[in-house]
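Participant: Sequence lines, in order, name chains A and B.
Residue numbering for the first sequence follows our numbering, starting at 1 and increasing by one per position.
Residue numbering for the second sequence follows our numbering, starting at 1 and increasing by one per position.
Glycine included, C-beta positions come from ideal geometry on N, C-alpha and C.
Since the structure is predicted, the reported quantities are computational estimates derived from the model, not experimental observations.
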Amino acid sequence: MKFMLSKIRNFSIIAHIDHGKSTLADRLLEYTHTVEKREMRAQVLDTMELERERGITIKAQAIRMEYKGHILNLIDTPGHVDFSYEVSRSLAACEGALLIVDATQGIEAQTLANANLARQNKLVIIPIINKVDLPAAEPERIKEEIEKVFGAKPAEILLASAKEGIGIPEILEAIIERIPPPQGEVDSPLQALIFDSHYDAFRGVIAYLRVFNGRIRAGLKIRLMGVGEEFEVQEVGTLKLGLVPKNELAAGEVGYLIAGIKEVKQCRVGDTVTDAKNPAPHPLAGYKPIKPMVFCGFYPLAGEDFENLKDAVAKLQLNDAALHFEPETSAALGFGLRCGFLGLLHLEIVQERLEREFNLNIIATAPNAIYKVNLHDKTHTYVDNPSLMPPQAKIESIEEPYLKLTLFTPAEFVGPVMDLAIEKRGTFVNMEYLDPKRVMLVFEIPLAEIISEFHDLLKSVTRGYASMDYELVGYRPADLVKMDILLNQEPVDALSVIVPREQAHYRGKRLVEKLKEAIPRQQFQIPVQASIGSKVVARENISAIRKDVLQKCYGGDITRKRKLLEKQKAGKRRMKMIGRVEVPQEAFLAVLRMGK
Amino acid sequence: MTSSILHTPYPIPQSLYIHIPFCKRKCNYCDFVSYAGKEELIDEYVEALCNEINSPPCQSETNPPPSLFKRGGKEGGEFSTIYFGGGTPTLLKPEHYERLLGFLKMIIIFKKETEISMESNPGTINLDYLKEIRSLGINRLSIGVQSFNDVHLKTLGRIHNSKEAVQAYKDARAAGFENMNLDLMYALPGQTLEEWRTDLRQALSLNPEHLSIYNLQVEENTPFWNIFKTYIPQTSYPLPNEETELAMYEFTIKTLTDAGYHHYEISNFAKPGFECKHNINYWKNGNYIGFGAAAHSHLNGKRWANPDSLEEYIGSGSVVRNVEHPTSIDSSRATDRQDSIFLGLRLLEGLPKAKFAGFEKEIGELMRDGLLEEKNSNYKLTRQGLFLGNLVFEKFV
Numbered sequence: 001m002k003f004m005l006s007k008i009r010n011f012s013i014i015a016h017i018d019h020g021k022s023t024l025a026d027r028l029l030e031y032t033h034t035v036e037k038r039e040m041r042a043q044v045l046d047t048m049e050l051e052r053e054r055g056i057t058i059k060a061q062a063i064r065m066e067y068k069g070h071i072l073n074l075i076d077t078p079g080h081v082d083f084s085y086e087v088s089r090s091l092a093a094c095e096g097a098l099l100i101v102d103a104t105q106g107i108e109a110q111t112l113a114n115a116n117l118a119r120q121n122k123l124v125i126i127p128i129i130n131k132v133d134l135p136a137a138e139p140e141r142i143k144e145e146i147e148k149v150f151g152a153k154p155a156e157i158l159l160a161s162a163k164e165g166i167g168i169p170e171i172l173e174a175i176i177e178r179i180p181p182p183q184g185e186v187d188s189p190l191q192a193l194i195f196d197s198h199y200d201a202f203r204g205v206i207a208y209l210r211v212f213n214g215r216i217r218a219g220l221k222i223r224l225m226g227v228g229e230e231f232e233v234q235e236v237g238t239l240k241l242g243l244v245p246k247n248e249l250a251a252g253e254v255g256y257l258i259a260g261i262k263e264v265k266q267c268r269v270g271d272t273v274t275d276a277k278n279p280a281p282h283p284l285a286g287y288k289p290i291k292p293m294v295f296c297g298f299y300p301l302a303g304e305d306f307e308n309l310k311d312a313v314a315k316l317q318l319n320d321a322a323l324h325f326e327p328e329t330s331a332a333l334g335f336g337l338r339c340g341f342l343g344l345l346h347l348e349i350v351q352e353r354l355e356r357e358f359n360l361n362i363i364a365t366a367p368n369a370i371y372k373v374n375l376h377d378k379t380h381t382y383v384d385n386p387s388l389m390p391p392q393a394k395i396e397s398i399e400e401p402y403l404k405l406t407l408f409t410p411a412e413f414v415g416p417v418m419d420l421a422i423e424k425r426g427t428f429v430n431m432e433y434l435d436p437k438r439v440m441l442v443f444e445i446p447l448a449e450i451i452s453e454f455h456d457l458l459k460s461v462t463r464g465y466a467s468m469d470y471e472l473v474g475y476r477p478a479d480l481v482k483m484d485i486l487l488n489q490e491p492v493d494a495l496s497v498i499v500p501r502e503q504a505h506y507r508g509k510r511l512v513e514k515l516k517e518a519i520p521r522q523q524f525q526i527p528v529q530a531s532i533g534s535k536v537v538a539r540e541n542i543s544a545i546r547k548d549v550l551q552k553c554y555g556g557d558i559t560r561k562r563k564l565l566e567k568q569k570a571g572k573r574r575m576k577m578i579g580r581v582e583v584p585q586e587a588f589l590a591v592l593r594m595g596k
Numbered sequence: 001m002t003s004s005i006l007h008t009p010y011p012i013p014q015s016l017y018i019h020i021p022f023c024k025r026k027c028n029y030c031d032f033v034s035y036a037g038k039e040e041l042i043d044e045y046v047e048a049l050c051n052e053i054n055s056p057p058c059q060s061e062t063n064p065p066p067s068l069f070k071r072g073g074k075e076g077g078e079f080s081t082i083y084f085g086g087g088t089p090t091l092l093k094p095e096h097y098e099r100l101l102g103f104l105k106m107i108i109i110f111k112k113e114t115e116i117s118m119e120s121n122p123g124t125i126n127l128d129y130l131k132e133i134r135s136l137g138i139n140r141l142s143i144g145v146q147s148f149n150d151v152h153l154k155t156l157g158r159i160h161n162s163k164e165a166v167q168a169y170k171d172a173r174a175a176g177f178e179n180m181n182l183d184l185m186y187a188l189p190g191q192t193l194e195e196w197r198t199d200l201r202q203a204l205s206l207n208p209e210h211l212s213i214y215n216l217q218v219e220e221n222t223p224f225w226n227i228f229k230t231y232i233p234q235t236s237y238p239l240p241n242e243e244t245e246l247a248m249y250e251f252t253i254k255t256l257t258d259a260g261y262h263h264y265e266i267s268n269f270a271k272p273g274f275e276c277k278h279n280i281n282y283w284k285n286g287n288y289i290g291f292g293a294a295a296h297s298h299l300n301g302k303r304w305a306n307p308d309s310l311e312e313y314i315g316s317g318s319v320v321r322n323v324e325h326p327t328s329i330d331s332s333r334a335t336d337r338q339d340s341i342f343l344g345l346r347l348l349e350g351l352p353k354a355k356f357a358g359f360e361k362e363i364g365e366l367m368r369d370g371l372l373e374e375k376n377s378n379y380k381l382t383r384q385g386l387f388l389g390n391l392v393f394e395k396f397v
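1) Output, in chain order, the set of chain B residues within a Cβ distance shorter than 8 Å of A:Gln266.
2) Examine chain D for any beta-carbon lying closer than 8 Å to the beta-carbon of A:Leu550, and answer yes or no.
3) Which value, in whole angstroms, describes the spacing of the CA atoms of B:Ile42 and A:Gly303?
4) Reducing DSSP to helix, strand and coil, say where A:Ile157 ends up.
5) By DSSP's criteria, A:Asn130 is part of a beta bridge. Which residues make up the other side?
6) Helix, strand or coil, according to DSSP, for A:Ser452 in the structure here?
7) Closest by CA to B:Met106, which one among B:Leu366, B:Ile125, B:Ser55?
8) Label A:Asp419 either buried or exposed according to how many other C-beta atoms from any shown protein chain fall within 10 Å of its C-beta, with 16 as the threshold for buried.
9) By the 10 Å Cβ neighbour count, where 16 or more other Cβ atoms means buried, how is A:Ala62 classified, buried or exposed?
10) Can you list, in chain order, the residues of its chain with a C-beta nearer than 8 Å to that of A:Gln191? Leave out the 5 residues immediately preceding and following it.
11) Taking 8 Å as the CB-CB cut-off, is A:Glu304 touching chain B?
12) Using a Cβ-Cβ distance under 8 Å, would B:Glu324 count as near chain A?
13) So A:Thr104 and A:Lys131 are in contact, right, with Cβ under 8 Å, and what is the actual spacing, rounded?
14) State the DSSP-derived secondary structure class of A:Ala530, mapped to helix, strand or coil.
15) Considering only the beta carbon of each residue, do A:Phe298 and A:Ala364 sit closer than 8 Å?
16) A:Gln317 by DSSP, collapsed to three states: which one?
17) For A:Ala421, collect the residues of the same chain with a Cβ closer than 6 Å to its Cβ; drop the 5 residues on either side in sequence, then sort them by chain order.
18) Tell me whether B:Gln146 sits in a helix, a strand or coil according to DSSP, three-state version.
19) For A:Asp102, which option in A:Leu72, A:Glu66, A:Arg64, A:Glu145 has the closest C-alpha, if you only look at C-alpha atoms?
20) Taking contact to mean 3 or more Cβ pairs, one atom from each stretch, closer than 8 Å, check whether the stretch 189 to 199 of chain B and the stretch 167 to 178 of chain B are in contact.
21) Excluding five sequence neighbours on each side, which residues of the same chain lie with their C-beta closer than 8 Å to the C-beta of B:Met180?
22) Helix, strand or coil for A:Gly579, going by three-state DSSP, please let me know.
23) On a CA-only basis, which of A:Gly343, A:Val481, A:Phe428 is nearest A:Cys296? Give me that one, please.
24) Does A:Thr32 come out as helix, strand or coil in the three-state DSSP assignment?
25) In this structure, does DSSP put A:Ser6 in helix, strand or coil?
26) Does the stretch 329 to 344 of chain A come within contact of the stretch 567 to 575 of chain A, defined as at least 3 CB pairs closer than 8 Å?
27) Determine the direct distance from the alpha carbon of B:Ala175 to that of A:Leu550, and round the result to whole angstroms.
28) Can you tell me which residues form a DSSP beta bridge with B:Thr81?
29) Could you check how far apart the C-beta atoms of A:Ala518 and A:Leu447 are, in whole angstroms? I think they sit under 8 Å.
30) Would you report the Cα separation of A:Lys563 and B:Val392, rounded to the nearest angstrom?
31) Answer yes or no: does any C-beta atom of chain A fall closer than 8 Å to that of B:Ile116?
32) Three-state secondary structure (DSSP) at B:Asn281?
33) Give a yes or no on contact between the stretch 383 to 398 of chain A and the stretch 430 to 437 of chain A, applying the rule of three or more CB pairs nearer than 8 Å.
34) Where does A:Met293 sit, in a helix, a strand or coil, going by DSSP?
35) Identify every residue that forms a DSSP beta bridge with A:Ser330.
36) Taking A:Gly474 as the reference, which of A:Asn121, A:Lys240, A:Leu5, A:Leu405 has the closest Cα?
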């Protein structure tokens, strides 16, 4: 068994988005004949349609390759900051990581964030400069950056072009040479780390795991130490493009587990699998239950779709332990769901899947953070829906979640980036020059500011050259107030928003302006007001349509007229009736589009 | 699928439309099917029209033709209107019309009261021409004046000036036309309310029997679209704003009503008894047969259209064109009923309440919002509804 372990290498590929992670994975699979060229869909590991479209990996997976008598387990990691906990658990299942840096771009925010996660998990890092074939490639400059930031020796840095297949054998050699084989005791009590799971309609939950100690086989009664539930193993195996059943998985190996688990909630990423009869004394380190950070309401456009919406979200949840939801009622929008997400991307993906895969027309309210509200009676409550903020008179203080925000930008944009971060209530923590041209800036900033349009504004002030990453650092007190929006004199709870008191007037003004742009004119004038308590802080009027009539009737061609009317009507079907006002989805996002 | 039409008894079509898709030049706002610089095809086109008239629709080998058209005149259908529209029908020679009307007379009965209209462009007609077509039996003439302001005429890309329009009108009277329409447009680029008032007063001073008055609509695939609907409009003559447009329309209604015209449709005004029968048939969703390129037909709930392309139309020769034609537009009973409503509501008298069965909710909302009212067992547009017609019509599609 010792011999076996010495022939195993478990590794991940980590990179900033678009630096070529998926393409490199494809080349490794091809070169090791794990996947033949003809069965190669570009980027085999990204299986969800949405992942392919967006070019990012949402769910991690694993695949086993064989090369020169070694077993190489590639554990893929999600490529977005929303999923950094999953990234860290995937990395925890490995002994090494390939760190990809784009030869034309250099180190970006997620390069650093992922590399830090890899270091925390004590992985051996193999730095690779990718895309060296491109005319704009600057491998020498990037080498210096890598040396400076990660302390790598120049000789350790590999040059590659995944797209052109350059440097692939050298990478495989380095994996075998530099990454240590897994350690572990086959005869110790079972300890296996779940680094991913997904729900299969036929087989229930399929958990992906790395065995650290002991062995696991069909028939074994297991306990998931974090969740505290027990199951009987039905099947274990390794992962090629599909599942390959095996008798057992032993310490050091990576594979899958099927045990009649019905929901991914019962099988959390980061949890430890152990033998129910002969449990390990303690679980593997690092497990934490996932808590949603960003919330929004989903409401069906047609009230009768509520049950369908609930069913659809429940189905998505089968495969998405991070997705939370509970029914809520809005006076303006009727029955809906308050949903919790890891971040904005997670939210967008869920919304898109509801619309695409379940054919639902929904209104999503503006995303918000979760606030801790301390009351005068010395109790506290968490508020995940701005309209449910307790009355001002009861509130002692409010705390909001803060992030540590790391930004990478070309040096010439330091001024504008600094201004933006401070405008968005950020406080400066640190600044470091990677080289004379590139700067890393660190701020602490409220999550609420990041989930509005921060990323878009950052791109616009740096012409797309900056990247960012963040992590939650905790709750901080803040002077916040709830701002209500009235349409046609009626409060619309679903448009309420929490804002810093000192910016309330300014934001109220911007918000009603944006709402005026987003809500189409109707038959009557619609006042749009922002109020704090009973005090109106801003007002705009959406003027009435005065004239809208097709005058010319074209000979006998009725179909043209009809099409115009149908088009007009179809536009209105995408809107939600609030009182007598037709409100489009864009209006709910207006609160996010305040501009700088 | 088509046999049901043929075997179902249906009312005889009221109207015939003949499309003449030729123009000297395309106007800047026009997206009608019409071609400039193809006049050399006119002879062939007229022949193709004759062929089509000679092989009426709804005829196929498997389904014998109904007694819609019968050869020989005596048994012909009684059509109450014939309409030559364009394009510019007055680009054809009188001989062309002589031939076309000859073919038409073989399939339908002409009566004294049959309304036979022709559209005309002031830049293409003179007294002799008008006398000739009048003598052929054309008894209603529509002149595309559009504006009496030469600056605006130029902007629109018209080929005539204001003086020519007035002369054309006088010639038509001299030629014996006793039922005349003027087409006018308002809300033109850079047009002021005062300019429109002047235009309308000048039209009134000519004392036509009928006025069709449209606001300029900027359509896709026209030069105006590129000028006015691009992200940054490329013009120093902006379109009048909505308030001005509304004031122009209100002024039109008041002025013409005061002058004794009957405002019988959103955009149409007539001296009593001179309402256009052909167009009323469209608005009542009646039956009509269209001949020529791009001509549309509606027969007992089915719609179809001929190909837009001149060459394709001419090339189809005497191929029988009927509801099985590939360009046939399917129209279900439900959509036909909806069409009846939104077309019928264009008429100011409205249409019978019974036609709205199943739309009680929509009627309720529209009445609450003051866009629709009940009068003489009809539902009709209110004054407000007249200005916001689209908000009403869309409820029924």
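Facilitator: According to the structure data:
1) Indexing the first sequence from 1 puts residue 266 of chain A at position 266. Neighbours of A:Gln266 on chain B: none; closest Cβ ~47 Å, over 8 Å.
2) You won't find chain D in this structure, because its protein chains are A and B.
3) Walking along the second sequence from the start, residue 42 of chain B turns up at place 42. Walking along the first sequence from the start, residue 303 of chain A turns up at place 303. Rounded to the nearest angstrom, the two C-alpha atoms are 58 Å apart.
4) Along the first sequence, one-based indexing puts residue 157 of chain A at 157. Coil.
5) Along the first sequence, read from residue 1 onward, the residue named residue 130 of chain A stands at position 130. A:Asn130 is bridged to A:Asp102.
6) Looking up residue 452 of chain A in the first sequence gives position 452. A:Ser452: helix per DSSP, three-state reduction.
7) The residue you call residue 106 of chain B lines up with position 106 of the second sequence. Looking at the Cα atoms, B:Ser55 is the closest of the given residues.
8) For the purposes of this step, residue 419 of chain A is identified with residue 419 of the first sequence, where counting begins at 1. Under this definition A:Asp419 is an exposed residue.
9) Residue numbering aside, residue 62 of chain A sits at position 62 when the first sequence is read from its first letter. By the neighbour-count rule (16 or more Cβ atoms within 10 Å), A:Ala62 is buried.
10) To locate residue 191 of chain A, count along the first sequence from 1; it is residue 191. Val211, Phe212, Asn213, Gly214, Thr272, Val273, Thr274, Ala280, Pro283, Leu284.
11) Along the first sequence, read from residue 1 onward, the residue named residue 304 of chain A stands at position 304. Chain B, which has no Cβ nearer than 8 Å to the Cβ of A:Glu304, makes this no.
12) For this step, residue 324 of chain B is matched to residue 324 along the second sequence. At B:Glu324 the pLDDT is 44, less than 50, meaning the model places this residue with poor confidence; the figure from the coordinates comes in the next sentence. Residue contact check for B:Glu324 against chain A: no CB pair falls below 8 Å.
13) In the first sequence, counting from the first residue as 1, residue 104 of chain A sits at position 104. In the first sequence, counting from the first residue as 1, residue 131 of chain A sits at position 131. Their Cβ separation, rounded to whole angstroms, is 6 Å, which keeps A:Thr104 and A:Lys131 in contact under 8 Å.
14) The residue given as residue 530 of chain A occupies position 530 in the first sequence. A:Ala530: strand per DSSP, three-state reduction.
15) Taking the first sequence and counting its residues from 1, one reaches residue 298 of chain A at position 298. Taking the first sequence and counting its residues from 1, one reaches residue 364 of chain A at position 364. For A:Phe298 and A:Ala364, yes; Cβs fall inside 8 Å.
16) Start at 1 with the first residue of the first sequence, and residue 317 of chain A comes out as number 317. Looking at A:Gln317 - three-state DSSP - the assignment turns out to be helix.
17) To locate residue 421 of chain A, count along the first sequence from 1; it is residue 421. Taken in chain order, the residues that qualify are Phe443.
18) Along the second sequence, one-based indexing puts residue 146 of chain B at 146. In this structure, B:Gln146 counts as strand in the three-state DSSP scheme.
19) Taking the first sequence and counting its residues from 1, one reaches residue 102 of chain A at position 102. Considering only alpha carbons, the answer is A:Glu145.
20) In short, these stretches do not touch, since the Cβ pair count stays below three.
21) Position 180 of the second sequence, counted from the start, is the residue given in the question as residue 180 of chain B. Closer than 8 Å at Cβ, skipping near neighbours: Arg140, Leu141, Ser142, Ile143, Tyr169, Ala172, Arg173, Pro208, Glu209, His210.
22) Residue mapping note: residue 579 of chain A aligns to position 579 of the first sequence, counting from 1. Coil, per DSSP.
23) Along the first sequence, one-based indexing puts residue 296 of chain A at 296. Distance from the Cα of A:Cys296 is smallest, within the candidate group A:Gly343, A:Val481, A:Phe428, for A:Gly343.
24) Working through the first sequence from its first residue, we reach residue 32 of chain A at position 32. A:Thr32: coil per DSSP, three-state reduction.
25) In the first sequence, counting from the first residue as 1, residue 6 of chain A sits at position 6. If DSSP states are grouped into helix, strand and coil, A:Ser6 belongs with the helices.
26) No, they do not touch.
27) Numbered from 1 along the first sequence, position 550 holds the residue referred to as residue 550 of chain A. Numbered from 1 along the second sequence, position 175 holds the residue referred to as residue 175 of chain B. Computed Cα separation, rounded: 35 Å.
28) The residue you call residue 81 of chain B lines up with position 81 of the second sequence. According to DSSP, B:Thr81 bridges with B:Ser15, B:Glu115.
29) On the first sequence, residue 518 of chain A is found 518 positions in, with the first residue counted as 1. On the first sequence, residue 447 of chain A is found 447 positions in, with the first residue counted as 1. A:Ala518 to A:Leu447, Cβ: 24 Å. No contact.
30) Translated into the one-based positions of the first sequence, residue 563 of chain A becomes position 563. Translated into the one-based positions of the second sequence, residue 392 of chain B becomes position 392. Taking the straight line from one Cα to the other gives about 15 Å.
31) Mapped onto the second sequence, residue 116 of chain B falls at position 116. Not one chain A Cβ lies under 8 Å of B:Ile116.
32) Counting from 1 along the second sequence, the entry for residue 281 of chain B is found at position 281. Residue state, collapsed to three classes: helix.
33) no
34) Indexing the first sequence from 1 puts residue 293 of chain A at position 293. A:Met293: coil per DSSP, three-state reduction.
35) Sequence index remark: in the first sequence, residue 330 of chain A carries index 330 (1-based). When beta bridges are read from the DSSP output, A:Ser330 appears opposite A:Gly334.
36) Here the question's residue 474 of chain A lines up with position 474 in the first sequence. Comparing Cα positions, the closest option is A:Leu405.
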